[in-house]
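Report on the following structure.
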Amino acid sequence: MRKARAGLTAFEARAGEAARTLLNNQGHDGGWGLTLTSVSSIVNTSEVLPVLRVAGIAGQPVRQALDYLTGAIPEHCRPRHKGGRGEHTRFIAFGLAGLLSHPRFFHQEGVAEAVAWCVGWFDDHRVDHGWPEVLGPDDTSLHQTALTMQALAQLRDTLHDLGPGLVLPGGTDTTSLLERVEPLIDHGVHGLLYHRRPSGAWGWRTYVDTDPSPSKTALCVLALSTVASGTGPGGEPAYRDVPRDTGGVHGSVRKKRLSEVVVDAGQWLLRNHHRWETFVEDDKDVQGTAWVHMAYALCTQAAIRSGADPRDPRLSTAWRLMNDLWDGEAGMWNEPGASGKRATIRAAYYTVSAYQEARDRLARIGLGEEAGAVDRGISSEIPIVSAELADGQTVLLTTQHDAGPVACELSERLFDLAKAVHDGPSEGMPTEQIAQALFVAPSSVPKYVQRLNQAVSTALGGAPARLLLASTANGVSGYAWARSKVTG
Numbered sequence: 001m002r003k004a005r006a007g008l009t010a011f012e013a014r015a016g017e018a019a020r021t022l023l024n025n026q027g028h029d030g031g032w033g034l035t036l037t038s039v040s041s042i043v044n045t046s047e048v049l050p051v052l053r054v055a056g057i058a059g060q061p062v063r064q065a066l067d068y069l070t071g072a073i074p075e076h077c078r079p080r081h082k083g084g085r086g087e088h089t090r091f092i093a094f095g096l097a098g099l100l101s102h103p104r105f106f107h108q109e110g111v112a113e114a115v116a117w118c119v120g121w122f123d124d125h126r127v128d129h130g131w132p133e134v135l136g137p138d139d140t141s142l143h144q145t146a147l148t149m150q151a152l153a154q155l156r157d158t159l160h161d162l163g164p165g166l167v168l169p170g171g172t173d174t175t176s177l178l179e180r181v182e183p184l185i186d187h188g189v190h191g192l193l194y195h196r197r198p199s200g201a202w203g204w205r206t207y208v209d210t211d212p213s214p215s216k217t218a219l220c221v222l223a224l225s226t227v228a229s230g231t232g233p234g235g236e237p238a239y240r241d242v243p244r245d246t247g248g249v250h251g252s253v254r255k256k257r258l259s260e261v262v263v264d265a266g267q268w269l270l271r272n273h274h275r276w277e278t279f280v281e282d283d284k285d286v287q288g289t290a291w292v293h294m295a296y297a298l299c300t301q302a303a304i305r306s307g308a309d310p311r312d313p314r315l316s317t318a319w320r321l322m323n324d325l326w327d328g329e330a331g332m333w334n335e336p337g338a339s340g341k342r343a344t345i346r347a348a349y350y351t352v353s354a355y356q357e358a359r360d361r362l363a364r365i366g367l368g369e370e371a372g373a374v375d376r377g378i379s380s381e382i383p384i385v386s387a388e389l390a391d392g393q394t395v396l397l398t399t400q401h402d403a404g405p406v407a408c409e410l411s412e413r414l415f416d417l418a419k420a421v422h423d424g425p426s427e428g429m430p431t432e433q434i435a436q437a438l439f440v441a442p443s444s445v446p447k448y449v450q451r452l453n454q455a456v457s458t459a460l461g462g463a464p465a466r467l468l469l470a471s472t473a474n475g476v477s478g479y480a481w482a483r484s485k486v487t488g
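Okay, here's the thing in structure tokens:
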């Protein structure tokens, strides 16, 4: 695991360098293509935006990319004989995910209107058990259905964060849009569960009894876990995790909860790691273009999302490959292929997604940004009995060793962090929501948490103590207020 650890240690610096490379090669239209010199596309532009978010980059480059997407989504989806690129579901699925990648820009001109257009398209073009690869044949595509569900679940969570009844640009409001989104998510869930195999995996095609596909299984895991992990406006689960019918297309129907389906599929991926750990999987189900999945990164991310420890030895070969694919000269990750390696946006997106998933998972089990503190014996830290927000930017701390509260003065940013988590759910606030509250990238949140805990430790005379603790609520990683919450 030495190379895996080296890759994870270097991830932040590499993600920053890749983001700078991408910024230096942004097209005049605001988009990106598959390589740094390719013509802009919806898919690759939408893949770049999460990489920029992880690197903490927003501002004008993101605004320009969103402008590109709002114009390109309806234009790409015209039939080819009308000047478009074809009515492919992936254009809308990737495009919607890209529009939602930086929620702070949701009110930018054209974004909400484009989001509503995407929802209407999905509503008009669903088929039995999901969505097709391309309009025409009513043949459900696992790839496109999983992408669509993941984007719709992200939209559902964004609408919950915005709150009910908010009128959006273009005339729609959050409540009515959410009422259109939720049935579409249900439609996709039923479709993916219908095509689930008794082994816990999914095949590379629907309706046909093919071999299990690692990439399709990983895509379904990520989609279903995103659906299941969302929270409603009051902190309640956004999707009820009740037993549902699974299977039917091949084999008997069984009752399973979404959480069980995700865990079972993750275990299948780990058991069959030799099938994907160095593999780029060709998707023969995609019509009209050569499409491949970075199985080594996609399956690693899905396995971790389903509960695997990133340090699991069965993931070590995939981590080693991802580390070796970093191209320092290009400032990007390479994509392996029959003709050799080349730096691509696709490789950067899937690799960054896998590393970020690992970071989030390690943070949940206390081995992320605070790994050094764990090594120094954080288990002997002083418990905080209560913490109270006081006037100014002060937190009053009471520990088992103090006769009275100790004042800890914080910077404005650290106090904003403390207040956000303090006012959040008692079981913890998701990292994504903390990032939105602070207007930073999710990857930056652990750093701020570490700085806040260091300030608390300093206020207590250097004694090891933490005000914010890593937590998991409804399967989502985040941070919780230490001990009881006392409102000031």
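Residues 1 to 488 (the UniProt record's numbering) make up the sequence shown, in order.
For each residue, glycine too, the CB sits at the ideal point set by N, CA and C.
Note that this is a predicted model, so its numbers are computed, not measured.
Within the region 253-297, the runs of alpha helix (DSSP H) that reach at least 4 residues and sit entirely inside it are, in chain order, 258-271. Excluding the 5 residues flanking it on each side, Asp282 has same chain C-beta neighbours closer than 7 Å at Val292, in chain order. Counting other Cβ atoms within 10 Å of its Cβ, Ser426 stays below 16 and is therefore classed as exposed. With contacts defined by Cβ atoms closer than 8 Å, Gly266 and Ala302 form a contacting pair. Per DSSP, Glu409 is one residue of the beta strand (DSSP E) stretching across Val406 to Glu409. Secondary structure of Glu47 (DSSP, three-state): helix. Judged by DSSP in its simplified three-state form, Gly251 adopts coil rather than helix or strand. Annotation: the region 210-250 contains the following complete segments of the alpha helix (DSSP H) (minimum length 4 residues), in chain order: 214-229. Between the region 89-100 and the region 114-126, the count of C-beta pairs closer than 8 Å reaches three or more; the two stretches touch. For Lys256, the CB contacts under 6 Å within the same chain, skipping 5 residues up- and downstream, are Thr246 in chain order. Distance from the Cα of Ala390 is smallest, within the candidate group Thr399, Phe415, Pro383 and Ile384, for Phe415. Annotation: Leu8 to Tyr355 spans about 7 Å, alpha carbon to alpha carbon. Where Tyr479 is concerned, the enclosing beta strand (DSSP E) starts and stops at Val476 to Trp481. Note: Ile384 is bridge-paired with Thr399 in the DSSP secondary-structure output. Pro103 counts as buried, since no fewer than 16 other beta carbons sit within 10 angstroms of its beta carbon. C-alpha of Leu135 to C-alpha of Leu184: approximately 17 Å in a straight line. For the pair Thr226 and Leu269, the CB atoms are not nearer than the 8 Å cut-off. Look at the beta carbons and you see the region 297-317 touching the region 341-357: at least three pairs across the two are nearer than 8 Å. For Glu75, there is no enclosing beta strand (DSSP E); the residue is found in the alpha helix (DSSP H) stretching over Gly59 to His76.
Runs of the alpha helix (DSSP H) lying entirely within the region 316-358 and spanning at least 4 residues, in chain order: 316-324. Note on geometry: alpha-carbon atoms of Gly248 and Glu179 lie some 28 Å from one another.
Beta-bridge annotation (DSSP): Trp131 is not paired with any residue. Straight across, the Cα-Cα distance linking Ile434 with Val421 is about 7 Å. Across the set Ser141, Thr140 and Leu177, the C-alpha of Leu177 shows the shortest separation from the C-alpha of Thr158. Ser40 sits in coil when the DSSP states are folded into three classes, being neither helix nor strand.
In the three-state reduction of the DSSP assignment, His160 falls in the helix class.
In the structure shown, Thr472 adopts extended strand secondary structure according to DSSP, grouped into three states. DSSP places Val449 in the uninterrupted alpha helix (DSSP H) bounded by Val445 to Ala459. If you check the CB distance, Thr45 and Leu22 do not come in under 8 Å. For the options Val263, Asp209 and Pro233, the alpha carbon positioned closest to that of Leu224 is the one of Val263.
Within its own chain, the residues whose Cβ lies closer than 8 Å to the Cβ of Glu182, once the five positions on either side in sequence are excluded, are Arg156, listed in chain order. The bridge partners DSSP lists for Thr174 come to none.
Ala407 sits exposed, since fewer than 16 C-beta atoms from the chains shown fall within 10 Å of its C-beta.
In this structure Leu397 touches Val456 by the C-beta definition: roughly 7 Å separates them, less than 8 Å. Counting only residues of its own chain and dropping the five nearest sequence neighbours on each side, Phe279 has a CB closer than 8 Å to the CB of Pro214, Ala295 and Tyr296.
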